[in-house]
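First the structure, in the form of structure tokens, and then the observations on it.
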Amino acid sequence: MERDLSQLLTAAAEADERALAGMSVDAPLERAHRGVRRRRAVRHARTTVLSVAGLAALGAGALLVGPTLARDVDPASTPTDGATTSSSDPTPTADEVAAGVGLPSVLPLPADVWDRAAAGWTLGIYRPVRPTDDGSVDVVRNTLVLASPTGERYRVLELPLDREVELVRWVAGQTRALVTVAEVDERGTHDPVRGWLELRTGELRLDPGAVGAPDGECPAQISYELTDADGDEVWRVRYCQTGGGGPSELVVQRPDGTLVRRVALNDASWEAPVDPSGRYVVTQPDEPAARDHEAVLVDLATETRTTLSFGAGPERTCGFVAWRSEAAVVVACRVAGDPAWWEAGVLLAGDELWDVPVDGATPQPVHTLTADDPALALRPAVGTGAGLVLGTDVSGSASSAAEPSACTAGLVELGADGSLTRSGRQDLAWVHPVAVTDDGLRYVAQADCDGASGLVVQTGTGTPDVDLLPNPPASELQGGLTTWATADGPSARYWWW
Amino acid sequence: MRARWEPLLEQLVRERYARLLSRATLLSGSRQDAEDLVQEALVATFGGRARFETLAEAEQYVRRAIASRSVDRIRRSTREHDAYRRLAGHAQPTVEIELPGLTRELVDALARLSPRTRACVVLRYLDDLSIRETADALNLSEGAVKRYCADGVRLLDAALGTTSVDLESIPVQTTEVRRGA
Numbered sequence: 003m004e005r006d007l008s009q010l011l012t013a014a015a016e017a018d019e020r021a022l023a024g025m026s027v028d029a030p031l032e033r034a035h036r037g038v039r040r041r042r043a044v045r046h047a048r049t050t051v052l053s054v055a056g057l058a059a060l061g062a063g064a065l066l067v068g069p070t071l072a073r074d075v076d077p078a079s080t081p082t083d084g085a086t087t088s089s090s091d092p093t094p095t096a097d098e099v100a101a102g103v104g105l106p107s108v109l110p111l112p113a114d115v116w117d118r119a120a121a122g123w124t125l126g127i128y129r130p131v132r133p134t135d136d137g138s139v140d141v142v143r144n145t146l147v148l149a150s151p152t153g154e155r156y157r158v159l160e161l162p163l164d165r166e167v168e169l170v171r172w173v174a175g176q177t178r179a180l181v182t183v184a185e186v187d188e189r190g191t192h193d194p195v196r197g198w199l200e201l202r203t204g205e206l207r208l209d210p211g212a213v214g215a216p217d218g219e220c221p222a223q224i225s226y227e228l229t230d231a232d233g234d235e236v237w238r239v240r241y242c243q244t245g246g247g248g249p250s251e252l253v254v255q256r257p258d259g260t261l262v263r264r265v266a267l268n269d270a271s272w273e274a275p276v277d278p279s280g281r282y283v284v285t286q287p288d289e290p291a292a293r294d295h296e297a298v299l300v301d302l303a304t305e306t307r308t309t310l311s312f313g314a315g316p317e318r319t320c321g322f323v324a325w326r327s328e329a330a331v332v333v334a335c336r337v338a339g340d341p342a343w344w345e346a347g348v349l350l351a352g353d354e355l356w357d358v359p360v361d362g363a364t365p366q367p368v369h370t371l372t373a374d375d376p377a378l379a380l381r382p383a384v385g386t387g388a389g390l391v392l393g394t395d396v397s398g399s400a401s402s403a404a405e406p407s408a409c410t411a412g413l414v415e416l417g418a419d420g421s422l423t424r425s426g427r428q429d430l431a432w433v434h435p436v437a438v439t440d441d442g443l444r445y446v447a448q449a450d451c452d453g454a455s456g457l458v459v460q461t462g463t464g465t466p467d468v469d470l471l472p473n474p475p476a477s478e479l480q481g482g483l484t485t486w487a488t489a490d491g492p493s494a495r496y497w498w499w
Numbered sequence: 581m582r583a584r585w586e587p588l589l590e591q592l593v594r595e596r597y598a599r600l601l602s603r604a605t606l607l608s609g610s611r612q613d614a615e616d617l618v619q620e621a622l623v624a625t626f627g628g629r630a631r632f633e634t635l636a637e638a639e640q641y642v643r644r645a646i647a648s649r650s651v652d653r654i655r656r657s658t659r660e661h662d663a664y665r666r667l668a669g670h671a672q673p674t675v676e677i678e679l680p681g682l683t684r685e686l687v688d689a690l691a692r693l694s695p696r697t698r699a700c701v702v703l704r705y706l707d708d709l710s711i712r713e714t715a716d717a718l719n720l721s722e723g724a725v726k727r728y729c730a731d732g733v734r735l736l737d738a739a740l741g742t743t744s745v746d747l748e749s750i751p752v753q754t755t756e757v758r759r760g761a
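So the protein sequences, as listed, match chains A and B.
So the first sequence is numbered by the working numbering: it starts at 3 and just counts up by one.
So the second sequence is numbered by the working numbering: it starts at 581 and just counts up by one.
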């Protein structure tokens with residue numbers, strides 16, 4: 003008699019379940035309780051950069067920025083197109099807000115500040131929350147802060163508590179910033195919509211342009227990539243679909259929302275990083291077996307697709323790390339070994355970094371990690387034109403992926419000559435390079451082992467780092483800085499760890 | 581005072597722990613690993629931002645977290661390489677484990693599958709997830725899920741003498757289907 007596999011699996015699982023039915027669950031329940039409490043307690047202390055964006059390379063003064071990573075958006079409905087938003091959530095006490103709870107040290111906003119705020123000034127939004135007894139959180143404040151390049155911070159205005167605003171792009175001299183706006187209600191955080199934030203008044207105006215969902219369709223998840231060399235915005239859009247997932251594409255549109263073009267991405271291209279100039283996007287080949295050895299380069303203007311061979315030979319498995327510049331990508335390779343090594347996200351001794359030009363020139367190995375090198379975290383990595391800036395992994399030495407070492411994280415620079423050089427503080431709890439300007443400024447999200455965290459600018463010249471937008475001192479509140487954008491510079495968003 | 585998540589966690593563990601553990605055992609092939617998997621999934625589920633209205637919602641979330649974490653855990657170790665070698669027919673030492681309710685032939689057959697293949701087969705053929713739902717749960721492309729399922733089913737059918745319905749020919753369920761509930 004033939005057996006059906008599904009029925010066999012079900013019968014086996016049910017038999018096992020029956021055999022386990024009498025077991026005591028007190029111990030696993032207590033263990034789970036402890037783990038959940040601990041997880042919730044430490045969540046506030048660790049944020050991570052999950053979306054990074056910046057300006058395109060526009061000749062001198064260009065910024066080279068890191069890749070956009072995964073999103074974590076609750077599926078729900080979208081705020082009304084074209085509406086001006088308003089707040090309806092309960093507010094914290096006026097005393098708390100007035101006293102600046104949940105903010106770092108800030109100064110009152112000078113009257114002439116918008117005349118002085120030029121390239122290099124940075125907007126940030128602080129949105130700390132207070133855990134409640136029922137396991138949920140109350141938003142304490144939603145405050146726009148302005149920081150000068152030298153770290154003087156000014157409190158600008160309060161935003162509605164029931165809107166989660168992501169700062170996307172700020173052009174120096176303008177008194178509005180490109181944002182995404184997500185409505186927050188008792189069901190959670192809805193999908194974000196493109197819009198504008200008026201910096202003088204706090205008004206939020208939704209303006210989805212070509213990245214809005216068509217009428218009658220369920221909302222799309224959007225994330226800003228960069229502004230390309232033509233001044234057009236490049237957005238990544240993933241459309242919803244019953245059962246989860248859905249097709250994704252890159253949408254290029256003018257600042258007024260006019261569609262320029264759409265470029266479909268295949269299902270395998272989860273990240274599909276765009277080069278700093280906005281010309282190319284790296285996607286995965288349709289054929290899974292090819293993905294360890296090549297990528298597909300898509301010209302966003304012509305949609306021409308070209309195979310980009312990593313050139314490292316069939317005995318190696320390789321994967322994309324970052325755009326070094328608009329002219330080349332860096333890939334990491336391992337000889338043989340675990341087929342899934344790549345997804346651990348850490349480079350160890352023996353792993354190789356290869357430089358792969360997009361003009362068809364022969365790829366070249368640039369560095370092979372030794373046991374004396376630090377273990378390198380593959381994401382996020384940021385191109386510098388000549389090389390890369392990466393963060394070290396908590397595994398410590400590249401000689402093994404053994405026990406994590408506390409307070410040893412720092413930046414490492416891959417130079418044009420293939421050298422690996424440690425850069426800046428090396429005593430951090432974690433570090434994420436976000437952007438590197440061509441004059442050497444490194445925008446870094448980091449946390450030290452004393453609990454201080456936030457956005458730091460490392461000059462790389464021996465002068466002290468600038469604590470541009472630090473998180474507030476530890477308190478009963480969770481979180482703080484959620485998003486920032488530098489005038490004519492990079493921007494980023496933070497998600498809870 | 582108890583937090584809002586605590587009663588639901590307690591209800592889930594008291595009422596569904598055995599079911600979660602049996603699924604995790606099918607995925608991991610080891611009771612000890614399965615216990616760790618369930619713990620990790622519970623902590624991730626209730627320590628995160630997700631909110632649940634019902635026990636069924638929470639259980640479904642935990643089950644998918646178990647599947648994705650079973651892949652993540654093994655890919656961080658060297659065991660996936662061993663699993664691939666098994667898939668390729670290379671002999672590996674057999675680990676003797678006592679799993680009440682599970683037959684040796686099934687445990688052995690599942691042990692021949694790579695973690696991703698095993699996770700795909702369990703989610704598709706035990707939990708009745710669609711290709712897309714399985715892809716989302718495991719962070720794989722739909723094409724990869726189809727390939728892993730095809731590979732796994734072929735090996736399991738050969739080892740167990742089973743036959744398998746092509747689930748793609750069956751209309752996809754978009755609501756949770758729980759056998760034996």
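Think of the CB as a built atom: it goes at the ideal place given N, C-alpha and C, for glycine as much as any other residue.
Contact under 8 Å by Cβ, residue i with residue j
i, j, result
"A:VAL360", "A:VAL331", "yes"
"A:LEU208", "A:LEU199", "no"
"A:LEU161", "A:ILE127", "yes"
"A:ASP2", "A:VAL265", "This structure leaves residue 2 of chain A out entirely; chain A is present only between 3 and 499."
"A:GLY462", "A:GLY442", "yes"
"A:VAL170", "A:ALA489", "no"
"A:GLU354", "A:GLY389", "no"
"B:ALA647", "B:VAL701", "no"
"A:TRP123", "A:PRO151", "yes"
DSSP bridge partner residues for residue i (one or two, in chain order)
i, result
"A:GLN480", "A:VAL131"
"A:ILE224", "A:VAL239"
"A:ASP469", "A:VAL458"
"A:GLU166", "A:ALA184"
"A:GLN366", "A:ASP357"
"A:THR145", "A:TYR128 and A:GLU160"
"A:GLN448", "A:VAL433 and A:GLY456"
Residue environment, residue i, which counts as buried when at least 16 other CB atoms sit within 10 Å
i, result
"B:SER602", "buried"
"A:PRO110", "exposed"
"A:PRO466", "exposed"
"A:PRO492", "buried"
"A:VAL337", "exposed"
"A:CYS320", "buried"
"A:GLN460", "buried"
"A:THR229", "buried"
"A:CYS451", "exposed"
"B:ASP708", "buried"
Whole-number beta carbon distance between residue j and residue i, since they are thought to touch under 8 Å
i, j, result
"A:ALA449", "A:ALA431", "5 Å"
"A:ARG444", "A:VAL391", "6 Å"
"A:PRO287", "A:VAL298", "5 Å"
"A:VAL348", "A:ALA377", "5 Å"
"A:VAL193", "A:ALA222", "This sequence places Asp at residue 193 of chain A; Val is not what is there. Contact flag correct, Cβ pair sits at about 7 Å."
"A:VAL213", "A:TRP237", "5 Å"
"A:THR436", "A:VAL468", "Rather than Thr, the amino acid found at residue 436 of chain A in this sequence is Val. Between A:VAL468 and A:VAL436 the Cβ distance is about 14 Å, and since that is not below 8 Å, they are no contact."
Helix, strand or coil at residue i according to DSSP, with G and I counted as helix
i, result
"A:ALA338", "coil"
"A:SER250", "strand"
"B:GLU590", "helix"
"B:VAL701", "helix"
"A:LEU66", "Unreliable positioning characterises A:LEU66 in this predicted model, as indicated by a pLDDT of 30, which lies under 50. A coordinate reading is not provided."
"A:THR182", "strand"
"B:PHE626", "helix"
"A:TRP123", "coil"
"B:GLU637", "helix"
"A:ASP386", "Correcting the residue type first, residue 386 of chain A is Thr in the shown sequence and not Asp. Coil, per DSSP."
"B:THR605", "helix"
"A:SER311", "strand"
"A:ALA21", "helix"
"A:ALA487", "strand"
"A:PRO474", "coil"
"A:GLU296", "strand"
"A:PRO110", "strand"
"A:VAL276", "strand"
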